[in-house]
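Here's the structure, in structure tokens; my notes come after.
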Amino acid sequence: MTLSGYVRPDGSVGFRNHVAILSSVGCANDVAIRLGRMYPNALLLTHRQGCAQLGNDKEQSARTLTGIGKNPNIAAVLVIGMGCESITAEYLAEEISKTKKMVEFLVVLEEGGLMTALPKGARFLDQMISDASQMTRVPCGLDALTLGVKCGLTDTTSGIASNPAIGVVADRVIESGGTVVFGETPEVIGAEHILAQRAATPEVKRDLYRVVNECEERVKASGMDIRGANPAPGNIAGGITTIEEKSLGAIKKGGGKTLQGVLGYGEIPKGKGLYFMDGPGRTPEALTGLSGAGAQIIIFPTGGGSPAGSLISPVIKVTGNPRTAERLKDHIDIDVSRIIKGESTLEEAGESVFQELLNVASGKATRSERLGYGMISIWNIGPHM
Amino acid sequence: MKKAIVMDSKDNVATLLTDVDANDVVQVMMGDKTTETKVQEKIQFGHKFAMETITKGQHVVKYGEVIGQATQDIGEGQHVHVHNVESLRGRGDLA
Numbered sequence: 001m002t003l004s005g006y007v008r009p010d011g012s013v014g015f016r017n018h019v020a021i022l023s024s025v026g027c028a029n030d031v032a033i034r035l036g037r038m039y040p041n042a043l044l045l046t047h048r049q050g051c052a053q054l055g056n057d058k059e060q061s062a063r064t065l066t067g068i069g070k071n072p073n074i075a076a077v078l079v080i081g082m083g084c085e086s087i088t089a090e091y092l093a094e095e096i097s098k099t100k101k102m103v104e105f106l107v108v109l110e111e112g113g114l115m116t117a118l119p120k121g122a123r124f125l126d127q128m129i130s131d132a133s134q135m136t137r138v139p140c141g142l143d144a145l146t147l148g149v150k151c152g153l154t155d156t157t158s159g160i161a162s163n164p165a166i167g168v169v170a171d172r173v174i175e176s177g178g179t180v181v182f183g184e185t186p187e188v189i190g191a192e193h194i195l196a197q198r199a200a201t202p203e204v205k206r207d208l209y210r211v212v213n214e215c216e217e218r219v220k221a222s223g224m225d226i227r228g229a230n231p232a233p234g235n236i237a238g239g240i241t242t243i244e245e246k247s248l249g250a251i252k253k254g255g256g257k258t259l260q261g262v263l264g265y266g267e268i269p270k271g272k273g274l275y276f277m278d279g280p281g282r283t284p285e286a287l288t289g290l291s292g293a294g295a296q297i298i299i300f301p302t303g304g305g306s307p308a309g310s311l312i313s314p315v316i317k318v319t320g321n322p323r324t325a326e327r328l329k330d331h332i333d334i335d336v337s338r339i340i341k342g343e344s345t346l347e348e349a350g351e352s353v354f355q356e357l358l359n360v361a362s363g364k365a366t367r368s369e370r371l372g373y374g375m376i377s378i379w380n381i382g383p384h385m
Numbered sequence: 001m002k003k004a005i006v007m008d009s010k011d012n013v014a015t016l017l018t019d020v021d022a023n024d025v026v027q028v029m030m031g032d033k034t035t036e037t038k039v040q041e042k043i044q045f046g047h048k049f050a051m052e053t054i055t056k057g058q059h060v061v062k063y064g065e066v067i068g069q070a071t072q073d074i075g076e077g078q079h080v081h082v083h084n085v086e087s088l089r090g091r092g093d094l095a
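As you go down the protein sequences, you meet chains A and B in turn. Residue 225 in our numbering sits at position 225 of the first sequence, with consecutive numbering throughout. Residue 34 in our numbering sits at position 34 of the second sequence, with consecutive numbering throughout.
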């Protein structure tokens with residue numbers, strides 16, 4: 001199976017070739033945005049974290065931002081820091097440069113403020129864009145792919161059609177030597193015993209039960225019924241009655257291979273095969289975490305037709321709902337609703353998604369990519385001080 | 001013919017693949033087998049109905065697994081959803 005991508009100095013392969021402007025902290029966003037206006041072809045990555053965060057929460061933000069910078073779809077990174085934050089531009093630049101890709105950083109306070117920082121940043125970007133524009137795609141195999149899988153705006157067709165069809169694709173990627181990362185911890189509640197049976201080791205099984213238990217304990221500590229938050233109103237309108245029902249359908253999107261490990265949010269897997277990433281089901285955070293984990297492409301089954309996308313990793317939308325396929329066709333890449341009509345098998349539907357994955361890996365723009373959908377939203381697990 | 005699907009032989013609910021009105025007879029598919037059930041009310045595409053009587057407190061089963069429990073008696077062919085089923089998990093309101 002041959003794809004084509006951009007081989008990075010560390011041997012990883014990008015299926016896009018972005019030059020990124022990455023804020024290390026929310027306070028640097030204004031500078032990043034102005035540089036983004038000067039260089040509209042650069043990928044502007046702003047967010048709200050990076051300072052006044054405690055312990056694990058700060059580590060999680062730093063890990064995710066590092067992972068985003070390391071994502072092979074990004075050829076070069078200019079990190080913008082303010083100079084007074086806890087996740088510094090220098091730290092992120094140093095971590096990201098372990099991939100040996102082009103990395104520079106700019107500290108606004110040290111440069112004497114916005115007006116002197118801008119021309120320096122512009123010089124870095126100008127060179128990076130010139131260098132990146134001269135890179136070309138070369139043939140590579142599926143073993144170079146880390147596929148992210150995330151479902152959204154789930155309805156009851158998701159568990160019947162789109163999720164199991166994508167499970168077929170996940171299995172094929174792993175059989176070809178690739179890696180698949182899926183997650184959304186709340187959407188394993190009630191189905192963890194099924195996933196746990198496929199854990200590679202007792203430690204992986206323990207880790208899976210731990211993250212699901214921690215998630216459920218957070219719900220309990222809130223004093224609320226999870227229903228209403230997850231399943232959300234859109235899920236309930238689509239026929240999903242409980243979190244257990246949603247979870248039992250949701251886990252099918254990861255396929256049926258052995259679970260090799262449980263990752264922290266935004267953590268890059270150390271091996272090949274199937275990995276579960278801890279984190280919320282809420283779409284912007286889930287997509288950001290997968291990009292941080294190194295997913296070059298994300299497949300996104302949706303019942304109701306979520307238009308969401310990722311700035312970093314092209315998102316392929318798949319629906320098993322025939323009404324969504326018709327009504328929201330501008331947001332759907334692949335329609336697998338023939339499964340529901342009894343006109344297609346899961347294997348046939350999986351094949352159509354797999355072919356689209358190969359096309360997108362080799363450069364075809366997805367619907368959400370064409371529309372420019374996407375945002376960075378890092379899962380925040382502590383208070384801001 | 002209006003259609004519904006049962007995901008596992010242990011299930012006591014079916015998922016509708018079309019909108020139905022009260023007293024519609026629905027063809028219910030489970031694997032290679034097909035049966036017929038009359039639904040008792042208007043129910044939307046994608047929503048579930050009971051394949052048998054589910055009494056209050058009894059587990060609701062889909063995919064061969066427990067997805068919650070009935071908060072009231074649910075008759076065969078009646079809509080099964082948030083008005084008559086509660087989750088057994090993530091219940092901070094009961095903690």
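Even for Gly, the Cβ is constructed at its ideal location relative to N, Cα and C. Just so it is clear, the structure is predicted and the values come from calculations on it, not from any experiment.
Item: From the beta carbon of A308 of chain A, is the nearest beta carbon of chain B less than 9 Å away?; Value: no
Item: Between which residues of its own chain and Y63 of chain B is the CB-CB distance below 6 Å, once the five residues before and five after are set aside?; Value: M7 and D8
Item: Please state whether DSSP places D225 of chain A in a helix, a strand or coil.; Value: strand
Item: For A161 of chain A, which residues in the same chain have their Cβ closer than 6 Å to its Cβ, ignoring the five residues on either side in sequence?; Value: G320, V336, I339 and I340
Item: Cβ of E104 of chain A within 9 Å of Cβ of L78 of chain A?; Value: yes
Item: Helix, strand or coil: which one does DSSP assign to G372 of chain A?; Value: coil
Item: So what does DSSP say about A200 of chain A, is it helix, strand or coil?; Value: coil
Item: Please state whether DSSP places F124 of chain A in a helix, a strand or coil.; Value: helix
Item: Give the DSSP bridge partners of P139 of chain A, in chain order.; Value: A:S4
Item: Quick check: the stretch 2-21 of chain B against the stretch 358-371 of chain A, are there 3 or more CB pairs under 8 Å?; Value: no
Item: Tell me, to the nearest whole angstrom, how far the beta carbon of K48 of chain B is from that of A22 of chain B; I am working on the premise that it is less than 8 Å.; Value: No, K48 of chain B and A22 of chain B are not in contact; Cβ-Cβ is about 16 Å, not under 8 Å.
Item: Kindly indicate which residue of B:T37, B:K33 and B:S87 has the alpha-carbon position closest to the one of G122 of chain B.; Value: Nothing about residue 122 of chain B can be read from this structure; chain B reaches only from 1 to 95.
Item: Applying the 10 Å Cβ sphere with the 16-neighbour rule, what's the burial state of T302 of chain A?; Value: buried
Item: Which two residues bound the contiguous alpha helix (DSSP H) that contains P284 of chain A?; Value: T283 to G292
Item: So G183 of chain A is in the alpha helix (DSSP H); what residue range does that whole segment cover?; Value: That residue, G183 of chain A, is in no alpha helix (DSSP H); its beta strand (DSSP E) goes T179 to G183.
Item: Along the stretch 190-221 of chain A, where does the CB come closer than 8 Å to a CB of chain B? Name the residues.; Value: G190, A191, I194, E216, V219, K220 and A221
Item: Using CA atoms only, rank isn't needed, just tell me which of A:V204, A:G178, A:Y209 and A:V181 is closest to H193 of chain A.; Value: A:Y209
Item: So G304 of chain A packs on D155 of chain A, CB below 8 Å; how close in whole Å?; Value: 6 Å
Item: For A70 of chain B, which beta-bridge partners are listed by DSSP?; Value: B:V85
Item: Using 8 Å as the Cβ pair cut-off and three pairs as the minimum, do the stretch 181-188 of chain A and the stretch 243-251 of chain A touch?; Value: yes
Item: Kindly give me the distance between the Cβ atoms of I74 of chain A and I312 of chain A, rounded to whole angstroms, as I take these residues to be in contact under 8 Å.; Value: 7 Å
Item: Please classify K2 of chain B: does DSSP put it in a helix, a strand, or coil?; Value: strand
Item: One question on the structure: do G152 of chain A and A308 of chain A come within less than 9 Å of each other, judged by their Cβ atoms?; Value: yes
Item: Between G148 of chain A and L290 of chain A, is the Cβ-Cβ spacing less than 9 Å?; Value: yes
Item: Check whether the Cβ of A95 of chain B lies closer than 9 Å to any Cβ atom in chain A.; Value: yes
Item: What is the DSSP secondary structure of E76 of chain B, counted as helix, strand or coil?; Value: coil
Item: Rounded to the nearest angstrom, how far is the Cβ of Y275 of chain A from that of Q260 of chain A, given a contact under 8 Å?; Value: 6 Å
Item: Looking only at DSSP bridge pairs, what is I54 of chain B linked to?; Value: B:I74
Item: If we cut at 9 Å on Cβ distances, does I54 of chain B have a partner in chain A?; Value: no
Item: Check whether the Cβ of K253 of chain A lies closer than 9 Å to any Cβ atom in chain B.; Value: no
Item: Measuring only between beta-carbons, confirm whether E86 of chain B sits less than 9 Å from chain A.; Value: yes
Item: Pick out whichever of A:E95, A:I80, A:H331 and A:K101 has its Cα sitting closest to the Cα of S23 of chain A.; Value: A:I80
Item: Give me, in chain order, the residues of the same chain whose beta-carbon lies closer than 7 Å to that of V262 of chain A; leave out the 5 immediate sequence neighbours on both sides.; Value: V204, D207, L208, V211, F276 and D278
Item: Comparing alpha-carbon positions, which option in A:G26, A:R34 and A:G67 lies nearest M115 of chain A?; Value: A:R34
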